[in-house]
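Enquirer: All residue numbers for the sequence shown refer to my numbering, where the first residue is 3 and numbers rise by one. Ideal placement from N, C-alpha and C gives every residue a C-beta, glycine not left out. Because the structure is a prediction, the values reported are computed rather than measured. Sharing a structure, written as structure tokens. Questions coming.
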Amino acid sequence: MKYLSRVADKMLQERLETFGAVLIEGPKWTGKTTTAEQQAKSVIKLQDPDKAEEYLATAATKPSLLLKGEQPKLIDEWQDAPMIWDAVRTAVDSAGGKPGQFILTGSNTVDKTKIRHTGTGRITRMKIYPMSLWESLESSGEVSIQELFDNPDYDIDGASSKLDIPGLIMAACRGGWPATLQMSAKASMLIAKDYVNSVCENDISAVDNRQRNPKIARQIMKSYARNISTLAKKSNILADVTASEDISLSMNTFDDYIAALEKLFVIQDIDAWCPAIRSKTAIRSSPKRCFVDPSIAVAAMNINAEALETQLKTFGFIFEQMCIRDLKAYTADFSSRLSYYRDRYGLEADLVLHLEDGRYALIECKLGSSEIDNGAEHLLELKRLIQEHNKTEKQVPIREPDLLIVMTGGTMAYTRPDGVKVIPLACLKD
Numbered sequence: 003m004k005y006l007s008r009v010a011d012k013m014l015q016e017r018l019e020t021f022g023a024v025l026i027e028g029p030k031w032t033g034k035t036t037t038a039e040q041q042a043k044s045v046i047k048l049q050d051p052d053k054a055e056e057y058l059a060t061a062a063t064k065p066s067l068l069l070k071g072e073q074p075k076l077i078d079e080w081q082d083a084p085m086i087w088d089a090v091r092t093a094v095d096s097a098g099g100k101p102g103q104f105i106l107t108g109s110n111t112v113d114k115t116k117i118r119h120t121g122t123g124r125i126t127r128m129k130i131y132p133m134s135l136w137e138s139l140e141s142s143g144e145v146s147i148q149e150l151f152d153n154p155d156y157d158i159d160g161a162s163s164k165l166d167i168p169g170l171i172m173a174a175c176r177g178g179w180p181a182t183l184q185m186s187a188k189a190s191m192l193i194a195k196d197y198v199n200s201v202c203e204n205d206i207s208a209v210d211n212r213q214r215n216p217k218i219a220r221q222i223m224k225s226y227a228r229n230i231s232t233l234a235k236k237s238n239i240l241a242d243v244t245a246s247e248d249i250s251l252s253m254n255t256f257d258d259y260i261a262a263l264e265k266l267f268v269i270q271d272i273d274a275w276c277p278a279i280r281s282k283t284a285i286r287s288s289p290k291r292c293f294v295d296p297s298i299a300v301a302a303m304n305i306n307a308e309a310l311e312t313q314l315k316t317f318g319f320i321f322e323q324m325c326i327r328d329l330k331a332y333t334a335d336f337s338s339r340l341s342y343y344r345d346r347y348g349l350e351a352d353l354v355l356h357l358e359d360g361r362y363a364l365i366e367c368k369l370g371s372s373e374i375d376n377g378a379e380h381l382l383e384l385k386r387l388i389q390e391h392n393k394t395e396k397q398v399p400i401r402e403p404d405l406l407i408v409m410t411g412g413t414m415a416y417t418r419p420d421g422v423k424v425i426p427l428a429c430l431k432d
């Protein structure tokens with residue numbers, strides 16, 4: 003299968019030109035190894051079944067032997083032998099910090115007590131996400147996120163989406179897993195289900211060698227899926243889990259399962275943005291519940307594309323997850339982060355996209371065109387409150403939003419007379 007370009011390709015190239023080693027992190031099945039292999043000159047795969055035992059024995063005695071070979075050398079799933087980290091850091095130092103020596107990939111975070119040095123200045127980190135619609139060739143790519151921020155005169159009017167609502171539903175159910183792109187539509191729908199099964203049956207225990215109950219893991223993921231894109235409290239999710247199948251679970255144990263899913267990059271909640279424009283007691287600050295890919299929610303709830311076509315309210319929450327995934331992919335090299343705003347007066351912005359330099363966009367995710375006006379009103383009111391705050395609280399000004407965006411499942415992009423940009427998700431690229 004032909005390799006499809008990823009946003010991560012440029013990020014990796016730039017980091018290899020600057021740092022001695024690059025760590026690519028992200029959930030399994032997102033193409034970390036394949037992406038790294040495009041620029042690596044030699045490869046060692048620690049999970050190679052024919053050599054894994056030998057590799058681990060070598061890593062335990064003299065890990066530097068595994069680092070020999072043409073550079074950049076890719077060390078795949080390095081977390082299986084954590085001592086590799088310090089060996090890489092030492093090798094980079096020994097070469098005087100020469101850039102582009104090693105690429106490390108990993109599908110879960112590592113216990114920091116197992117490494118002696120942070121690797122700061124020697125090993126840089128980058129994240130890779132499931133494929134966005136642009137990377138899977140399903141977005142027209144007529145609207146660039148970077149251009150939206152950099153060019154005030156950027157004209158988006160008339161840019162068109164390549165996907166209608168049924169197409170978006172199919173893409174969300176399939177997910178951004180590279181392997182699905184070479185499969186039939188029917189077969190591709192099984193990948194996310196297999197992913198959830200693998201996480202529950204194997205990965206959640208293997209991540210830190212602590213035995214966990216697959217049935218409990220499955221119920222937690224199912225409840226999380228039912229609360230996706232909401233501010234559901236942990237106590238409510240726990241109550242939902244224990245209300246079914248006679249499961250007994252303490253909050254501490256629940257937290258342990260959630261932590262394991264975070265280590266596997268399966269769960270990636272979004273924190274609240276809390277500007278001081280309202281009384282502090284009025285700001286909602288619970289995390290917004292999120293998976294790394296919308297297909298995980300679909301698979302965990304055991305629903306399919308046909309069912310979602312008649313449950314567009316449910317799909318609206320899943321659509322927001324797809325917006326989150328794609329925005330993260332498109333802005334990963336901007337050192338960006340996502341948050342949300344919601345207060346007890348009902349004012350909200352589904353997403354706040356923050357760039358490293360302080361610029362940010364307020365975003366509402368609205369599947370249908372009938373919801374666009376409501377989303378735009380929220381964004382404009384939030385901007386007005388910020389302006390009002392800056393007039394009355396001049397000592398602590400808040401930067402006004404650089405962009406107001408309503409992301410939709412519609413067909414055409416345009417700029418409203420009030421300045422709000424309406425952009426179909428399947429128009430976007432980095």
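(1) In three-state DSSP terms, what is Ala309?
(2) Which of the three DSSP states is assigned to Tyr416 in this structure?
(3) Quick check on DSSP: helix, strand or coil for Ile388?
(4) According to DSSP, is Ser371 helix, strand or coil?
(5) Considering only residues of the same chain and omitting the five flanking positions on each side of Trp276, which have a CB-CB separation below 7 Å?
(6) Three-state secondary structure (DSSP) at Pro207?
(7) When you compare each of Leu192, Leu340, Thr37, Ala428 to Arg358 by their alpha carbons, which one comes out closest?
(8) Alpha carbon to alpha carbon, how far is Arg17 from Asp352?
(9) Do you know how far the Cα of Ser96 is from the Cα of Tyr332?
(10) Distance check for Ala59 and Gly98, CA to CA, integer angstroms please.
(11) Put Tyr57 into one of helix, strand or coil per three-state DSSP.
(12) In angstroms with no decimal places, state the Cα-to-Cα distance between Arg127 and Leu76.
(13) Using a 10 Å radius around the Cβ and a threshold of 16 neighbouring Cβ atoms, would you call Met3 buried or exposed?
(14) Just checking my contact of Ala61 with Leu68 at CB under 8 Å: how many whole Å lie between their CB atoms?
(15) Would you mind stating whether Arg176 and Gly22 have Cβ atoms separated by less than 8 Å?
(16) DSSP has Ile77 in a bridge; who is on the other side?
(17) Cys202 and Ala181: beta carbons closer than 8 Å?
(18) By a C-beta neighbour count over all protein chains shown, 10 Å radius and 16 as the cutoff for buried, is Val398 buried or exposed?
(19) Closer than 8 Å by C-beta to Ile249: which residues in its own chain qualify, once you throw out the five before and the five after it? Chain order, please.
(20) By how many angstroms is the C-alpha of Asp50 removed from the C-alpha of Ile206?
(21) Under the three-state reduction of DSSP, which class applies to Arg127: helix, strand or coil?
(22) So, with DSSP's three-state summary, where would you put Pro101?
(23) Name the DSSP bridge partner or partners of Ser341?
(24) Using CA atoms only, rank isn't needed, just tell me which of Leu310, Ser337, Lys34 is closest to Arg361.
(25) Considering only C-alpha positions, which residue in the set Met409, Lys64, Leu382, Asp328 is nearest to Pro419?
(26) Would a C-beta distance cut-off of 8 Å place Lys385 and Gly377 closer than the cut-off?
(27) Just to confirm, is the Cβ distance from Thr36 to Leu14 under 8 Å?
(28) Going by the DSSP bridge assignment, what does Val408 pair with across the sheet?
(29) State the start and end residues of the unbroken beta strand (DSSP E) segment that holds Ile26.
(30) Using DSSP with H/G/I as helix, E/B as strand and the rest coil, what is Val145?
(31) Specify, as a first and last residue, the run of the alpha helix (DSSP H) that Cys325 falls within.
(32) Return the first residue and the last residue of the alpha helix (DSSP H) that Thr37 is part of.
(33) To the nearest angstrom, how far is it from the Cα of Glu379 to the Cα of Phe104?
Expert: Once the coordinates are examined:
(1) DSSP places Ala309 in the helix class (H, G or I) of the three-state scheme.
(2) In the structure shown, the three-state DSSP call for Tyr416 is strand.
(3) In the structure shown, Ile388 adopts helical secondary structure according to DSSP, grouped into three states.
(4) Ser371: helix per DSSP, three-state reduction.
(5) In the sequence as presented, Trp is not what sits at residue 276; that position holds Cys. Annotation for Cys276: Ile285, Ser287 place their beta carbon closer than 7 Å to its own, counting only its chain and skipping 5 residues before and after.
(6) Per the sequence shown, residue 207 should be read as Ser rather than Pro. Per DSSP, reduced to three states, the secondary structure at Ser207 is helical.
(7) As written in the sequence, residue 358 is Glu, which differs from the Arg given in the question. Distances from the alpha-carbon of Glu358 to those of Leu192, Leu340, Thr37, Ala428 put Leu340 closest.
(8) Rounded to the nearest whole angstrom, the C-alpha separation of Arg17 and Asp352 is 32 Å.
(9) Between Tyr332 and Ser96, the C-alpha separation is close to 35 Å.
(10) Their Cα atoms are separated by approximately 28 Å.
(11) Shown here, Tyr57 sits in a helix according to DSSP, grouped into three states.
(12) Leu76 has its alpha-carbon roughly 14 Å from the corresponding atom of Arg127.
(13) Met3 is exposed by the Cβ-count criterion.
(14) Your pair Ala61 and Leu68 checks out as a contact, with CB atoms roughly 6 Å apart and the cut at 8 Å.
(15) No Cβ-Cβ contact shorter than 8 Å links Arg176 with Gly22.
(16) For Ile77, which the question treats as bridged, DSSP gives the partners Ile46, Leu106.
(17) Cβ distance not < 8 Å, so Cys202 and Ala181 don't count as in contact.
(18) The residue is exposed, with fewer than 16 neighbouring Cβ atoms inside 10 Å.
(19) If the five residues before and after Ile249 are omitted, its C-beta is found closer than 8 Å to the C-beta atoms of Lys217, Ile218, Gln221, Val243, all from its own chain and listed in chain order.
(20) So the alpha carbons of these two residues sit roughly 21 Å apart.
(21) In the structure shown, Arg127 adopts extended strand secondary structure according to DSSP, grouped into three states.
(22) If DSSP states are grouped into helix, strand and coil, Pro101 belongs with coil.
(23) Answer by DSSP bridge pairing, in chain order: Asp273, Val354.
(24) Distances from the CA of Arg361 to each of Leu310, Ser337, Lys34 were compared; the closest alpha carbon is that of Ser337.
(25) Of the candidates Met409, Lys64, Leu382, Asp328, the one whose C-alpha sits nearest the C-alpha of Pro419 is Leu382.
(26) Their beta carbons are not under 8 Å apart, which means Lys385 does not touch Gly377 by this criterion.
(27) No, these two residues do not count as a Cβ contact at 8 Å.
(28) According to DSSP, which records beta bridges pairwise, Val408 is partnered with Glu366, Val424.
(29) Counting along the chain, the beta strand (DSSP E) containing Ile26 begins and ends at 23 to 27.
(30) Strand.
(31) Per DSSP, Cys325 belongs to the alpha helix (DSSP H) from 314 to 332.
(32) Boundaries of the alpha helix (DSSP H) around Thr37: 34 to 39.
(33) Put simply, the backbone Cα of Glu379 is about 49 Å away from that of Phe104.
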